[in-house]
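If you're matching positions, the sequence shown starts at 392 in this note's numbering and goes up one per residue.
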Amino acid sequence: MTAETTAPPLPPPDPASCAVALDTDDLDRALGLARVLRPWFGIAKVGLELFGAVGPVAVPALRDEGFEVFVDLKLHDIPNTVARAAGALAGLGARYVTLHAAGGADMLRAGVDGLAGAPRSAGSEPPLALAITVLTSDSVADREVLAGRARLASAAGCGGLVCAAPDLPAIRAAAPDLLRVVPGIRPRGAAADDQARVATPAGAVAAGADILVIGRPVTAAADPAAAASALLAT
(Lines of atoms letter the chains of each structure in order from A and count residues from 1; the text may use other names and numbers.)
(Lines give C-alpha, C1' and ligand atoms only; values in the text may rest on other atoms or scores of the structure.)
Protein backbone atom coordinates (compact mmCIF):
# COMPACT_ATOMS: atom_id res chain seq x y z
CA MET A 1 0.00 0.00 0.00
CA THR A 2 1.53 3.30 -1.03
CA ALA A 3 1.17 6.57 0.79
CA GLU A 4 -1.08 9.10 -0.93
CA THR A 5 0.91 11.90 -2.51
CA THR A 6 -0.17 15.40 -3.39
CA ALA A 7 1.29 17.20 -6.38
CA PRO A 8 3.20 20.33 -5.36
CA PRO A 9 1.49 23.61 -6.24
CA LEU A 10 2.55 25.30 -9.44
CA PRO A 11 4.81 28.35 -9.01
CA PRO A 12 3.15 31.74 -9.58
CA PRO A 13 3.15 32.87 -13.22
CA ASP A 14 6.07 34.97 -14.40
CA PRO A 15 5.03 38.68 -14.42
CA ALA A 16 6.13 38.79 -18.06
CA SER A 17 3.23 36.45 -18.86
CA CYS A 18 0.58 38.45 -16.95
CA ALA A 19 -1.37 41.42 -18.32
CA VAL A 20 -3.35 43.76 -16.09
CA ALA A 21 -6.46 45.18 -17.76
CA LEU A 22 -6.55 48.87 -16.83
CA ASP A 23 -10.20 49.45 -17.59
CA THR A 24 -10.74 52.97 -16.29
CA ASP A 25 -11.38 56.38 -17.84
CA ASP A 26 -8.75 58.06 -15.64
CA LEU A 27 -5.10 57.93 -16.69
CA ASP A 28 -3.85 58.85 -13.22
CA ARG A 29 -5.80 55.93 -11.75
CA ALA A 30 -4.48 53.62 -14.45
CA LEU A 31 -0.90 54.65 -13.74
CA GLY A 32 -1.44 54.34 -9.99
CA LEU A 33 -2.78 50.81 -10.37
CA ALA A 34 0.04 49.92 -12.74
CA ARG A 35 2.69 51.05 -10.26
CA VAL A 36 1.11 49.14 -7.36
CA LEU A 37 0.73 45.98 -9.45
CA ARG A 38 4.12 46.06 -11.19
CA PRO A 39 5.56 43.15 -9.10
CA TRP A 40 2.92 40.78 -10.57
CA PHE A 41 2.39 42.16 -14.08
CA GLY A 42 4.78 42.93 -16.90
CA ILE A 43 2.10 43.82 -19.44
CA ALA A 44 -0.45 46.65 -19.20
CA LYS A 45 -3.61 46.33 -21.28
CA VAL A 46 -5.19 49.49 -22.67
CA GLY A 47 -8.74 48.82 -23.76
CA LEU A 48 -11.56 50.83 -25.27
CA GLU A 49 -12.43 52.68 -22.06
CA LEU A 50 -8.98 54.05 -21.30
CA PHE A 51 -8.07 54.70 -24.93
CA GLY A 52 -11.42 56.36 -25.55
CA ALA A 53 -11.02 58.61 -22.52
CA VAL A 54 -7.41 59.75 -22.81
CA GLY A 55 -6.32 58.62 -26.27
CA PRO A 56 -2.88 57.56 -27.48
CA VAL A 57 -1.03 59.15 -24.53
CA ALA A 58 -1.87 56.07 -22.44
CA VAL A 59 0.54 53.89 -24.41
CA PRO A 60 3.82 55.81 -23.91
CA ALA A 61 2.81 56.65 -20.34
CA LEU A 62 2.64 52.95 -19.47
CA ARG A 63 5.78 52.16 -21.44
CA ASP A 64 7.57 54.76 -19.32
CA GLU A 65 6.51 52.74 -16.25
CA GLY A 66 8.36 49.72 -17.63
CA PHE A 67 5.40 47.78 -19.08
CA GLU A 68 4.93 46.16 -22.43
CA VAL A 69 1.65 47.62 -23.67
CA PHE A 70 -1.21 45.54 -25.03
CA VAL A 71 -3.61 47.74 -27.01
CA ASP A 72 -6.94 45.94 -27.05
CA LEU A 73 -9.17 47.86 -29.46
CA LYS A 74 -10.32 44.76 -31.37
CA LEU A 75 -9.89 46.32 -34.81
CA HIS A 76 -12.61 45.22 -37.24
CA ASP A 77 -13.14 47.29 -40.39
CA ILE A 78 -12.22 47.33 -44.06
CA PRO A 79 -8.61 46.20 -44.66
CA ASN A 80 -7.25 49.64 -45.54
CA THR A 81 -8.64 51.19 -42.37
CA VAL A 82 -7.35 48.36 -40.20
CA ALA A 83 -3.90 48.55 -41.78
CA ARG A 84 -3.63 52.28 -41.12
CA ALA A 85 -5.01 52.03 -37.59
CA ALA A 86 -2.64 49.17 -36.77
CA GLY A 87 0.28 51.18 -38.09
CA ALA A 88 -0.70 54.13 -35.93
CA LEU A 89 -0.85 51.91 -32.82
CA ALA A 90 2.51 50.39 -33.66
CA GLY A 91 3.95 53.89 -33.91
CA LEU A 92 2.88 54.55 -30.32
CA GLY A 93 5.00 51.66 -29.09
CA ALA A 94 2.34 48.97 -28.59
CA ARG A 95 3.71 45.45 -28.18
CA TYR A 96 0.40 43.65 -28.80
CA VAL A 97 -2.60 44.80 -30.87
CA THR A 98 -5.92 42.95 -31.21
CA LEU A 99 -7.84 42.36 -34.44
CA HIS A 100 -11.16 40.53 -34.78
CA ALA A 101 -10.63 37.23 -36.60
CA ALA A 102 -14.27 37.51 -37.75
CA GLY A 103 -13.06 40.29 -40.07
CA GLY A 104 -11.60 37.72 -42.45
CA ALA A 105 -8.26 36.87 -44.02
CA ASP A 106 -7.72 40.08 -45.98
CA MET A 107 -8.43 42.26 -42.96
CA LEU A 108 -6.17 40.24 -40.67
CA ARG A 109 -3.35 40.31 -43.22
CA ALA A 110 -3.77 44.06 -43.64
CA GLY A 111 -3.49 44.53 -39.88
CA VAL A 112 -0.36 42.41 -39.72
CA ASP A 113 1.17 44.36 -42.61
CA GLY A 114 0.24 47.67 -40.97
CA LEU A 115 2.01 46.66 -37.78
CA ALA A 116 5.08 45.42 -39.65
CA GLY A 117 5.35 48.53 -41.81
CA ALA A 118 5.22 51.12 -39.05
CA PRO A 119 8.44 52.98 -38.17
CA ARG A 120 10.26 51.52 -35.17
CA SER A 121 13.66 51.69 -33.55
CA ALA A 122 16.51 49.74 -35.12
CA GLY A 123 16.55 46.08 -34.13
CA SER A 124 13.11 46.09 -32.53
CA GLU A 125 10.42 43.62 -33.53
CA PRO A 126 7.04 44.74 -34.94
CA PRO A 127 4.11 44.43 -32.55
CA LEU A 128 2.32 41.10 -32.45
CA ALA A 129 -1.14 40.94 -33.96
CA LEU A 130 -3.49 39.01 -31.67
CA ALA A 131 -6.63 37.65 -33.33
CA ILE A 132 -9.80 37.64 -31.23
CA THR A 133 -11.57 34.29 -31.65
CA VAL A 134 -14.83 34.30 -29.64
CA LEU A 135 -15.46 36.80 -26.83
CA THR A 136 -15.37 35.38 -23.31
CA SER A 137 -18.78 36.95 -22.66
CA ASP A 138 -20.31 34.40 -25.07
CA SER A 139 -21.52 31.34 -23.19
CA VAL A 140 -20.67 28.96 -26.04
CA ALA A 141 -17.79 28.89 -28.51
CA ASP A 142 -18.26 26.41 -31.33
CA ARG A 143 -15.17 24.25 -31.78
CA GLU A 144 -15.26 24.51 -35.57
CA VAL A 145 -15.55 28.30 -35.42
CA LEU A 146 -12.58 28.44 -33.04
CA ALA A 147 -10.47 26.16 -35.21
CA GLY A 148 -11.35 28.03 -38.39
CA ARG A 149 -10.50 31.42 -36.92
CA ALA A 150 -7.26 30.08 -35.46
CA ARG A 151 -6.17 28.71 -38.83
CA LEU A 152 -7.18 31.96 -40.53
CA ALA A 153 -5.08 33.98 -38.07
CA SER A 154 -2.09 31.72 -38.53
CA ALA A 155 -2.27 31.93 -42.32
CA ALA A 156 -2.57 35.74 -42.15
CA GLY A 157 0.63 36.03 -40.11
CA CYS A 158 -0.84 36.88 -36.72
CA GLY A 159 1.43 36.22 -33.78
CA GLY A 160 -1.22 35.03 -31.36
CA LEU A 161 -4.84 34.39 -30.48
CA VAL A 162 -7.14 35.58 -27.71
CA CYS A 163 -9.49 32.92 -26.38
CA ALA A 164 -11.14 31.66 -23.21
CA ALA A 165 -9.42 28.88 -21.26
CA PRO A 166 -12.01 26.23 -22.21
CA ASP A 167 -11.24 26.96 -25.87
CA LEU A 168 -7.55 26.13 -25.59
CA PRO A 169 -7.69 22.48 -26.73
CA ALA A 170 -9.32 23.49 -30.02
CA ILE A 171 -6.96 26.44 -30.44
CA ARG A 172 -3.83 24.42 -29.72
CA ALA A 173 -4.85 21.73 -32.20
CA ALA A 174 -5.59 24.23 -34.98
CA ALA A 175 -2.69 26.68 -34.52
CA PRO A 176 -0.10 25.17 -32.18
CA ASP A 177 2.61 27.75 -32.94
CA LEU A 178 0.62 30.88 -32.04
CA LEU A 179 0.81 32.65 -28.69
CA ARG A 180 -2.29 31.98 -26.58
CA VAL A 181 -3.69 34.93 -24.60
CA VAL A 182 -6.45 34.13 -22.10
CA PRO A 183 -8.77 36.64 -20.41
CA GLY A 184 -11.58 35.74 -18.00
CA ILE A 185 -9.19 34.84 -15.16
CA ARG A 186 -10.95 34.63 -11.80
CA PRO A 187 -10.35 33.20 -8.31
CA ARG A 188 -12.00 29.83 -7.76
CA GLY A 189 -15.63 30.33 -6.78
CA ALA A 190 -15.66 34.06 -7.56
CA ALA A 191 -18.45 35.77 -9.47
CA ALA A 192 -17.89 35.54 -13.22
CA ASP A 193 -19.38 39.03 -13.82
CA ASP A 194 -20.00 39.24 -17.59
CA GLN A 195 -17.34 36.66 -18.39
CA ALA A 196 -19.16 33.45 -19.30
CA ARG A 197 -16.12 31.17 -19.75
CA VAL A 198 -13.60 31.63 -16.94
CA ALA A 199 -10.65 29.87 -15.30
CA THR A 200 -8.22 30.22 -12.42
CA PRO A 201 -4.63 31.20 -13.28
CA ALA A 202 -3.38 27.67 -12.62
CA GLY A 203 -6.20 26.15 -14.63
CA ALA A 204 -5.52 28.39 -17.61
CA VAL A 205 -1.76 27.75 -17.52
CA ALA A 206 -2.30 24.00 -17.24
CA ALA A 207 -4.58 24.16 -20.30
CA GLY A 208 -1.90 25.94 -22.34
CA ALA A 209 -2.25 29.69 -21.80
CA ASP A 210 0.86 31.74 -22.52
CA ILE A 211 -0.41 35.12 -21.26
CA LEU A 212 -3.09 35.66 -18.62
CA VAL A 213 -5.25 38.80 -18.76
CA ILE A 214 -6.60 39.88 -15.38
CA GLY A 215 -8.78 42.88 -14.63
CA ARG A 216 -11.59 43.42 -12.13
CA PRO A 217 -10.68 40.66 -9.62
CA VAL A 218 -7.53 42.72 -8.97
CA THR A 219 -8.19 46.29 -10.12
CA ALA A 220 -11.58 46.56 -8.40
CA ALA A 221 -10.34 45.04 -5.13
CA ALA A 222 -10.02 47.13 -1.97
CA ASP A 223 -6.35 46.13 -1.87
CA PRO A 224 -5.21 45.43 -5.47
CA ALA A 225 -1.74 44.26 -4.43
CA ALA A 226 -3.10 41.73 -1.94
CA ALA A 227 -5.68 40.55 -4.49
CA ALA A 228 -3.01 40.06 -7.14
CA SER A 229 -0.75 38.16 -4.78
CA ALA A 230 -3.57 35.87 -3.69
CA LEU A 231 -5.00 35.29 -7.16
CA LEU A 232 -1.72 34.52 -8.86
CA ALA A 233 -0.93 31.93 -6.22
CA THR A 234 -4.00 29.88 -7.25
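We put the beta carbon where it would ideally sit given N, CA and C, even for glycine.
As the structure is a prediction and not an experimental result, all values here were calculated from the model.
Sort out for me which residues DSSP pairs residue i with in a bridge.
i, result
"F461", "K436 and Y487"
"L552", "A522 and R571"
"A565", "According to DSSP, which records beta bridges pairwise, A565 is partnered with nothing at all."
"I469", "DSSP lists no partner for I469."
"L603", "C409 and V573"
"A590", "I576"
Can you check whether the CB of residue j is closer than 8 Å to the CB of residue i?
i, j, result
"A546", "A564", "no"
"P517", "L483", "no"
"L464", "A425", "no"
"A544", "A566", "yes"
"V462", "A501", "no"
"V609", "V411", "yes"
"A619", "L466", "no"
Taking the alpha carbon of residue i as the point to measure from, which residue in the options has its own alpha carbon closest?
i, options, result
"P574", "P567, A566 and G594", "G594"
"I434", "E440, L413, L466 and L418", "L413"
"P470", "V572, I523, G505 and V609", "G505"
"V553", "V473, H467, T625 and V525", "V525"
"A507", "V596, I576 and G550", "G550"
Am I right that residue i and residue j are in contact with their C-beta atoms under 8 Å? What's the rounded C-beta distance?
i, j, result
"L519", "R486", "7 Å"
"T489", "L521", "5 Å"
"A624", "A598", "That belief does not hold up - the Cβ atoms of A624 and A598 are roughly 18 Å apart, past 8 Å."
Handout entry: the region 531-541 contacting the region 471-480, beta-carbon criterion three pairs below 8 Å
Key = no
Exercise for the section: Determine contact between the region 490-499 and the region 435-447, defined as no fewer than three beta-carbon pairs at a distance below 8 Å. Expected result: no
Problem - Cβ contact check for the region 594-604 and the region 406-426: 3 or more pairs under 8 Å - result: yes
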